[in-house]
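Engineer: Please see the structure below; I have some questions.
Residue numbers (this note's numbering): 5 to 281.
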């Protein structure tokens, strides 16, 4: 970064650019500056495309300092967190299998990774991070609903196998994936309503920040502007991320996608009964 200010980036709502503070300075022949811009270029050339969300506690509680929060909350799907305004950026990700001592209580397993983020991207505990170009395998049982749409637990990007106790079903000939990653049965195809079938599919990978590894690192860089200035800058952040398994389903417009009915109705329609939604 020597001689160049940090590059400007376009941030969506909820993200604000923080220009470095500059103070008058003089060139020093013995001065050694960390070239953060070159580190950014290395990270961008070797890293992974991700989305970093603005995460904050769910506000659907009875008091500010209390924990009276419903596990059936429609605002956060029971997770306790609201994840909004994602920003697309780059992070360098590595596994922590050889560094168990970072979290001796056992969180550092195969589903826990460390990630170094671009300069200017800041996280806090429980921040949601999603990989943009990679998927993870999931499988589940599904109960065929009335109509032609079955909602999966996660947004499916690819279906590998779909079968019930009688036969196997195939993409394009029996069903397709709708824009929200749900199974959409073609007319006259698929099992009968109420039939239980199994699906093996791939979905986007999500993590939450659980431990700060390298944050609040600051340095100075000489900038030869206006007769010489010293820019006070914040270096890159590195966090330990744990796999996110509680995912709230939303459509492309941000509306909640309700889960499939998995229990039989026990009485007349009741709008307050979650099993009859």
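Here a beta-carbon is modelled for each residue, glycine too, at the ideal position from N, C-alpha and C.
These numbers were taken from a predicted model, which means no experiment stands behind them.
#1: Residues in its own chain within less than 6 Å of residue 72 by CB, not counting five upstream and five downstream?
#2: Out of 20, 41 and 19, which has the shortest C-alpha to C-alpha gap to residue 225?
#3: Roughly how many angstroms lie between the CA atoms of residue 194 and residue 119, to the nearest whole one?
#4: According to DSSP, which residues form a beta bridge with residue 168?
#5: So residue 56 and residue 161 are supposed to be a Cβ contact under 8 Å. How far apart are they, rounded?
#6: Which partner residues does residue 235 have in the DSSP bridge list?
#7: Rank 99, 89, 27 and 218 by C-alpha distance to the C-alpha of residue 243 and give the top, closest one.
#8: Looking only at its own chain, which residues have a Cβ that is under 8 Å from the Cβ of residue 237, when we skip the five neighbours before and after it?
#9: Just how far apart, CA to CA, sit residue 90 and residue 209?
#10: What is the rounded straight-line gap between the Cα of residue 189 and the Cα of residue 129?
#11: Take the Cβ of residue 44 as the centre, count every other Cβ of all protein chains shown within 10 Å, and call the residue buried at 16 or more, exposed below.
#12: Residue 245 lies in the beta strand (DSSP E); which residues open and close that run?
#13: Excluding the 5 residues preceding and the 5 following residue 135 in the sequence, name in chain order all residues of the same chain whose CB lies nearer than 7 Å to its CB.
#14: Relative to the alpha-carbon of residue 20, which residue among 37, 58, 33 and 31 has its alpha-carbon at the smallest distance?
#15: If you draw a straight line from the alpha carbon of residue 50 to that of residue 96, how long is it in whole angstroms?
#16: Within 10 Å of its beta-carbon, does residue 173 have 16 or more other beta-carbons around it, so buried, or fewer, so exposed?
#17: On the DSSP bridge list, what partners appear for residue 153?
#18: Within its chain, find whatever has a CB closer than 8 Å to the CB of residue 144; leave out the 5 residues flanking it on each side and keep chain order.
#19: If distances are taken between C-alpha atoms only, which option among 99, 62, 93 and 36 comes closest to residue 87?
#20: Just curious, the alpha helix (DSSP H) that residue 43 is in, first and last residue?
#21: Run the CB neighbour count on residue 159, radius 10 Å, all protein chains shown included, and call it buried at 16 or more, exposed below.
#22: Whose C-alpha, out of 146, 121 and 94, is nearest the C-alpha of residue 137?
#23: Applying the 10 Å Cβ sphere with the 16-neighbour rule, what's the burial state of residue 270?
Structural biologist: Short version:
#1: 65 and 66
#2: 41
#3: 42 Å
#4: 201
#5: Between residue 161 and residue 56 the Cβ distance is about 20 Å, and since that is not below 8 Å, they are no contact.
#6: 26 and 225
#7: 218
#8: 5, 10, 24, 40, 123, 222, 223, 224 and 225
#9: 15 Å
#10: 40 Å
#11: buried
#12: 242-247
#13: 52, 54, 208 and 209
#14: 58
#15: 7 Å
#16: buried
#17: 188
#18: 156, 157, 202 and 203
#19: 62
#20: 40-50
#21: buried
#22: 94
#23: With a pLDDT of 46 at residue 270, under the threshold of 50, the modelled position of that residue is not reliable, and the figure given next carries that caveat. By the neighbour-count rule (16 or more Cβ atoms within 10 Å), residue 270 is not buried but exposed.
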